[in-house]
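When you line the sequence shown up against the working numbering, it's residues 72 to 354, in that order. In this text, a Cβ means the ideal position worked out from N, Cα and C, and glycines have one as well.
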Amino acid sequence: SALRDLRRTRQRRRLGDFEWFDAAYKVYLVGLFGGGGFLYLSDALGNQAVSAQTIADVAKYGPPIIGLLACLAVLAGLRGGAQGGPLALEAADVTVVMLSPVDRRAALLRPAWQRLRSAAGMGLLLGAAGGQLTGQRLHGGLWPWTFGGAMAGMTIAILWVGAALCAHNWRLPLTAATLIGLALVAVQAAALAYTFPGPGTPVGRLALWGLRSDPLDLLALLGAVIVAALGIARLGRTSLDALSRRSSLVAQLRFAVTMQDLRTVILLRRQLNNENPRSRPWI
Numbered sequence: 072s073a074l075r076d077l078r079r080t081r082q083r084r085r086l087g088d089f090e091w092f093d094a095a096y097k098v099y100l101v102g103l104f105g106g107g108g109f110l111y112l113s114d115a116l117g118n119q120a121v122s123a124q125t126i127a128d129v130a131k132y133g134p135p136i137i138g139l140l141a142c143l144a145v146l147a148g149l150r151g152g153a154q155g156g157p158l159a160l161e162a163a164d165v166t167v168v169m170l171s172p173v174d175r176r177a178a179l180l181r182p183a184w185q186r187l188r189s190a191a192g193m194g195l196l197l198g199a200a201g202g203q204l205t206g207q208r209l210h211g212g213l214w215p216w217t218f219g220g221a222m223a224g225m226t227i228a229i230l231w232v233g234a235a236l237c238a239h240n241w242r243l244p245l246t247a248a249t250l251i252g253l254a255l256v257a258v259q260a261a262a263l264a265y266t267f268p269g270p271g272t273p274v275g276r277l278a279l280w281g282l283r284s285d286p287l288d289l290l291a292l293l294g295a296v297i298v299a300a301l302g303i304a305r306l307g308r309t310s311l312d313a314l315s316r317r318s319s320l321v322a323q324l325r326f327a328v329t330m331q332d333l334r335t336v337i338l339l340r341r342q343l344n345n346e347n348p349r350s351r352p353w354i
């Protein structure tokens, strides 16, 4: 109860200091560049119907290619989680809340849900845009393509966050996380080359709902939710040292982005990706 009151008060004060004109300007820029880019791509692709051979190639190679993207997202999530991600709390949460007599899982449940929600929303938007652009050239209607693309994009985003949470909270070493991710990518690449179902192919089938609509394809989304749930179930094992380091680096990174200091942004991003230095050099 005290933790909820604390966060509610901080949110109210943060909103009180928020400049709504700056928020409206950011929304304007996102709408201008995002909408303009979408219209440009839509005009560049056109709406001419493709040949039957092209449709057959899309149906054959589309699912394994999109499945390869899903496996790459899992690889990125596993490596990020093994290096301390995906959560990055504010410094006050790390130094006060995490060291207070409050269950760590209960304290981290809301930040983890917010991370998962934002990633899923971004994946849904990008997937829906991709499905809408694809539906202009292929038969099946815009709505099935848009729905399938949105579900596939959301599935890939949830897999990324879920894999990161599992790798972090299950204390997976970086070497093991990399090997597991590379194995998934290798199997999916072989599935693309030799046309057999790979671990990421169900996600690709979900994206191609405009060609074939099968409710069983939604099991891919269910699997991604299960992976995320497994990671959230072990939130109590989140490393406090990793949270402290990431909160400091992310705060500096945001300030550097605000000041448009590209050199500092690159340096801090490199530090975020190398939180566990090698004990021995490669050579």
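Check                                                                                                                                               : Outcome
Helix, strand or coil for Pro244 per DSSP?                                                                                                          : coil
Under the assumption that Ser318 contacts Glu161 (Cβ atoms under 8 Å), give the Cβ distance between them as a whole number of angstroms.            : 6 Å
My assumption, with CB atoms under 8 Å, is that His239 sits in contact with Gly155. Please give the rounded CB distance.                            : 7 Å
Should the segment 141-150 be regarded as contacting the segment 263-280, the criterion being three or more beta carbon pairs within less than 8 Å? : yes
Please report the residue range of the alpha helix (DSSP H) in which Met193 lies.                                                                   : Arg175 to Gly206
DSSP three-state call for Met222: helix, strand or coil?                                                                                            : helix
Just the C-alpha distance for Thr266 and Arg85, rounded to the nearest angstrom, thanks.                                                            : 53 Å
Quick test of your reading: Leu209 and Gly281, contact by CB under 8 Å. State the CB separation rounded to the nearest angstrom.                    : 6 Å
Just confirm the distance between the C-beta atoms of Ala178 and Leu314, as a whole number of angstroms; I'd bet it's less than 8 Å.                : Actually they do not touch by this definition, with Cβ atoms about 11 Å apart.
Quick one: Cα of Leu289 to Cα of Arg83, how far?                                                                                                    : 39 Å
Could you tell me how far apart the beta carbons of Ala235 and Gly151 are, in whole angstroms, since I believe they sit closer than 8 Å?            : 5 Å
Would you call the segment 210-221 and the segment 248-258 in contact, with 3 or more CB pairs under 8 Å?                                           : no
When the Cβ atoms of the segment 194-208 are set against those of the segment 217-234, are three or more pairs found closer than 8 Å?               : yes
What does the Cβ neighbour count give for Met62, buried or exposed, with the cut at 16 atoms within 10 Å?                                           : As displayed, the chain neither begins before 72 nor continues past 354, which places residue 62 out of reach and without an answer.
Could you tell me which of Gly201, Trp216, Arg308 and Ala254 sits nearest to Arg283, measuring between CA atoms?                                    : Trp216
Between the Cα of Tyr132 and the Cα atoms of Ile297, Gln259 and Gly307, which residue gives the shortest distance?                                  : Gln259
In the structure shown, what three-state DSSP assignment does Thr309 receive?                                                                       : coil
Alpha helix (DSSP H) containing Ile137: first to last residue?                                                                                      : Ala123 to Ala153
Just the Cα atoms here: how many angstroms apart are Leu243 and Arg325?                                                                             : 28 Å
Only counting the same chain, and skipping five residues up and downstream in sequence, which positions put a Cβ closer than 6 Å to that of Ala291? : Thr226, Pro273, Val274 and Leu277
Distance check for Ala300 and Val255, CA to CA, integer angstroms please.                                                                           : According to the sequence displayed, residue 255 carries Leu and not Val. Computed Cα separation, rounded: 20 Å.
Going by other Cβ atoms of all chains shown within 10 Å of its Cβ, with 16 needed for buried, is Trp184 buried or exposed?                          : exposed
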